[in-house]
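A short write-up of the structure that comes next.
Protein chains: 4
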Amino acid sequence: MVDQVKEPPTFQWDVRVYWEDTDAGGIVFYANYLKFFERSRTEWLRSLGIQQQSLKDSSGCMFVVTDATLRYHRPARLDDQLVVTASMIDIGRASMTLKQQALLKSERAEHPPATLLCEGLIRIGWVHGASLKPRRIPVSILDSLKN
Amino acid sequence: MVDQVKEPPTFQWDVRVYWEDTDAGGIVFYANYLKFFERSRTEWLRSLGIQQQSLKDSSGCMFVVTDATLRYHRPARLDDQLVVTASMIDIGRASMTLKQQALLKSERAEHPPATLLCEGLIRIGWVHGASLKPRRIPVSILDSLKN
Amino acid sequence: MVDQVKEPPTFQWDVRVYWEDTDAGGIVFYANYLKFFERSRTEWLRSLGIQQQSLKDSSGCMFVVTDATLRYHRPARLDDQLVVTASMIDIGRASMTLKQQALLKSERAEHPPATLLCEGLIRIGWVHGASLKPRRIPVSILDSLKN
Amino acid sequence: MVDQVKEPPTFQWDVRVYWEDTDAGGIVFYANYLKFFERSRTEWLRSLGIQQQSLKDSSGCMFVVTDATLRYHRPARLDDQLVVTASMIDIGRASMTLKQQALLKSERAEHPPATLLCEGLIRIGWVHGASLKPRRIPVSILDSLKN
Numbered sequence: 010m011v012d013q014v015k016e017p018p019t020f021q022w023d024v025r026v027y028w029e030d031t032d033a034g035g036i037v038f039y040a041n042y043l044k045f046f047e048r049s050r051t052e053w054l055r056s057l058g059i060q061q062q063s064l065k066d067s068s069g070c071m072f073v074v075t076d077a078t079l080r081y082h083r084p085a086r087l088d089d090q091l092v093v094t095a096s097m098i099d100i101g102r103a104s105m106t107l108k109q110q111a112l113l114k115s116e117r118a119e120h121p122p123a124t125l126l127c128e129g130l131i132r133i134g135w136v137h138g139a140s141l142k143p144r145r146i147p148v149s150i151l152d153s154l155k156n
Numbered sequence: 010m011v012d013q014v015k016e017p018p019t020f021q022w023d024v025r026v027y028w029e030d031t032d033a034g035g036i037v038f039y040a041n042y043l044k045f046f047e048r049s050r051t052e053w054l055r056s057l058g059i060q061q062q063s064l065k066d067s068s069g070c071m072f073v074v075t076d077a078t079l080r081y082h083r084p085a086r087l088d089d090q091l092v093v094t095a096s097m098i099d100i101g102r103a104s105m106t107l108k109q110q111a112l113l114k115s116e117r118a119e120h121p122p123a124t125l126l127c128e129g130l131i132r133i134g135w136v137h138g139a140s141l142k143p144r145r146i147p148v149s150i151l152d153s154l155k156n
Numbered sequence: 010m011v012d013q014v015k016e017p018p019t020f021q022w023d024v025r026v027y028w029e030d031t032d033a034g035g036i037v038f039y040a041n042y043l044k045f046f047e048r049s050r051t052e053w054l055r056s057l058g059i060q061q062q063s064l065k066d067s068s069g070c071m072f073v074v075t076d077a078t079l080r081y082h083r084p085a086r087l088d089d090q091l092v093v094t095a096s097m098i099d100i101g102r103a104s105m106t107l108k109q110q111a112l113l114k115s116e117r118a119e120h121p122p123a124t125l126l127c128e129g130l131i132r133i134g135w136v137h138g139a140s141l142k143p144r145r146i147p148v149s150i151l152d153s154l155k156n
Numbered sequence: 010m011v012d013q014v015k016e017p018p019t020f021q022w023d024v025r026v027y028w029e030d031t032d033a034g035g036i037v038f039y040a041n042y043l044k045f046f047e048r049s050r051t052e053w054l055r056s057l058g059i060q061q062q063s064l065k066d067s068s069g070c071m072f073v074v075t076d077a078t079l080r081y082h083r084p085a086r087l088d089d090q091l092v093v094t095a096s097m098i099d100i101g102r103a104s105m106t107l108k109q110q111a112l113l114k115s116e117r118a119e120h121p122p123a124t125l126l127c128e129g130l131i132r133i134g135w136v137h138g139a140s141l142k143p144r145r146i147p148v149s150i151l152d153s154l155k156n
């Protein structure tokens, strides 16, 4: 049963599917899972006290995606309610990697509670905002991330 | 003080600004307010018991935007928390018009509670999904909309 | 025959409809006409020697949309070839207004050559990039625009 | 010199960067490279006589992305002119894999002609449009793809 979630993810964020997310195939346009994953990552960071706009204003630096690997399992459709997870699986001095999943919430009481739609590995680097050159992640942020 | 909200809107929906919503001007890309307005309209419809995907499956019909008038007052930025309103101001047998506003939530306790960013008039028609020809809105939906 | 073009537009830009532009209604998502209109405006400016990124780098200022009025006539679908026009109808010291149309190119030799899909009035202001406060359009740009 | 193109790609398609493609980091939003790649794939298919909307209308089937692996090398900015390549590196009875690159066109006469911005491996399956179940790619399409 590869489509079921085995263990509780580190962070979860609800995402509703609107017209803007769909394409003429009647399903969510595949590129948009990168948006859903980012909303969840952003809220995960916010839950750790990390606000990206404030950080950019104060440090001149920002997180950017350097690698993404995506596998699409099943489609989502208009009005579907998704849960999007974010789980840090690796962190270094200048980058980190997250495992993320988009799951379809079941609206019935029966099992399974969620069906896997898309999963991805997202590697994120910390860079200077103007030059986009890699920088070491500030210790205060590292501490928050490793909490 | 034209930038302040005078009366409580019919329906409110929170929208957070993510990277996906912004452009190189450092602000929310103006076309995306149409997406924010639609999220609020969709949730307003859902609050009335109207689910668009189910409706399309059962009736073969759907709502489409036929006219939009937008005025941009102030920009929103990454991480801003918005409130997006939806207020029906006119309804006929085949279409309705909503007034919508995107407001910036103030995070401070002082007044004003919200600053107007963008407002729009959105006219929506009820059409057949395949031909996109106008149809009369079903009475059951009209009743829900006029509740 | 309101759906036919009466006079040759000032500027034309071809736009092809891809999956990214469509929604689950099987048609182009209405907000995306704002993108199509902007591509045409950008290329119109480029044809006048006005490059927006260079301008922003050199002057610190940029054009922003302040008002948009859109009317949707007929839908476009995947693979459709559109022509998007841009025609300046008014210009002041700090803003200008363009009339724009998205037309479906007919692939048959018969008339009409194009069917009107969407038309809009787009008002654009010249603002400082950081404060977003209105500024007077530089004379050199005004001259190019009025050529 | 990993950032330079070693061999002529199978197919090339020009893509211009507009405001809609950028984010508040001042660069192209990373998810949008999936759109650029798809425009190039779509035009590659069209160059082989394969029109996706017609195919869906006639066969009830369509191509969907099942896997995507993306590596981001350097950022693109507003007004940049890109070349986006598509090169089929594997094909089976129900899917194919393409290697794609987004390159920045140099506007100067000197070498290199292009700088690598983003590269991806995109696996595409052929599925039934309603059920989204995998199907064997029709022989006539296979023949065109293998030409």
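Protein chains in written order, with my numbering: chain Z, 10 to 156; chain B, 10 to 156; chain C, 10 to 156; chain V, 10 to 156.
Using N, Cα and C, we set each Cβ at its ideal position, and we do this for glycine too.
These figures come from a predicted structure and were not determined experimentally.
For S68/C, the three-state secondary structure derived from DSSP is helix. Neighbours of K44/C in chain V, taken as residues whose beta carbon is under 8 Å from its own, are Y27 and E29 in chain order. Contact between the region 42-61 of chain C and the region 105-115 of chain C is present: 3 or more CB-CB pairs across the two stretches fall below 8 Å.
Classified as exposed, A139/B has fewer than 16 neighbouring CB atoms from the shown chains inside 10 Å of its CB. With 16 or more other Cβ atoms from the protein chains shown falling within 10 Å of its own Cβ, G129/B counts as buried. Contact annotation: in the region 101-117 of chain B, no residue has its CB less than 7 Å from a CB in chain C. Chain C has no Cβ within less than 7 Å of the Cβ of G129/Z. Residue state for Y42/B is assigned as helix, using DSSP reduced to three classes. Counting along the chain, the unbroken alpha helix (DSSP H) around S153/C starts and ends at V148 to K155. Taking C-beta separations shorter than 8 Å and ignoring five residues to either side along the sequence, the partners of S68/Z in its chain run P147, following chain order. Separation of D152/Z and A85/V (C-alpha to C-alpha, rounded to the nearest whole angstrom) is 32 Å. In the DSSP secondary-structure assignment, V73/B is bridged to G134/B. Under a 10 Å Cβ-count criterion, G134/V is classified as buried, with 16 or more other Cβ atoms of the shown protein chains found around its own Cβ.
R102/B carries a coil assignment under DSSP once its states are collapsed to helix, strand and coil. Counting C-beta pairs closer than 8 Å gives fewer than three between the region 25-32 of chain C and the region 53-62 of chain B, which falls short of the contact rule. Taking all protein chains in view, the Cβ of I131/C is crowded by 16 or more other Cβ atoms within 10 Å, so the residue is classified as buried. Around the beta carbon of S49/V, 16 or more other beta carbons lie within 10 angstroms, which makes this residue buried.
Excluding residues up to 5 positions away in sequence, R145 and I146 lie with their Cβ nearer than 7 Å to the Cβ of R102/B in the same chain.
With a cutoff of 7 Å on beta-carbon distance, L126/B and R83/B are scored as near each other. It is roughly 15 Å from the alpha-carbon of W22/V to the alpha-carbon of S115/V. Annotation: the continuous beta strand (DSSP E) that includes Q21/V extends over F20 to R25. Residues of the region 66-96 of chain Z with a C-beta less than 8 Å from any C-beta of chain C: R86 and L87, listed in chain order.
When DSSP reads this structure, Q109/Z sits in a beta bridge with G129/Z. Comparing alpha carbon positions, the residue from S96/C, I36/C, R55/C and L91/C closest to P122/C is L91/C. Contact residues of the region 48-62 of chain V toward chain C are R48, T51, E52, R55, Q60, Q61 and Q62 (C-beta to C-beta distance below 9 Å). Checking the DSSP bridge columns, you'll see K114/B partnered with A123/B. For the region 141-152 of chain V, the set of positions with a beta-carbon nearer than 9 Å to some beta-carbon of chain Z reads L141 in chain order. At a cut-off of 7 Å between beta carbons, D32/C contacts chain Z. Contact check for V26/V against L87/V passes: the beta carbons are separated by less than 7 Å. Burial is judged here by how many other beta carbons sit within 10 angstroms of a residue's own beta carbon; I98/C has fewer than 16 and is exposed. Taking 7 Å as the CB threshold, G35/Z lines the interface with chain C.
Each residue's CA atom was taken as its position, placing L107/V and S56/V some 16 Å apart. Contact annotation for A40/Z against chain V: A40, L43 and K44 [CB-CB distance below 7 Å, chain order]. Rounded to whole angstroms, the Cβ separation of L64/C and M71/C is 7 Å, and the two are in contact under 8 Å.
When the alpha-carbon of T75/V is set against those of K155/Z, V73/Z, F38/Z and P143/Z, the nearest one is in F38/Z.
Between the alpha carbons of Y81/C and Y81/B lies a gap of roughly 20 Å.
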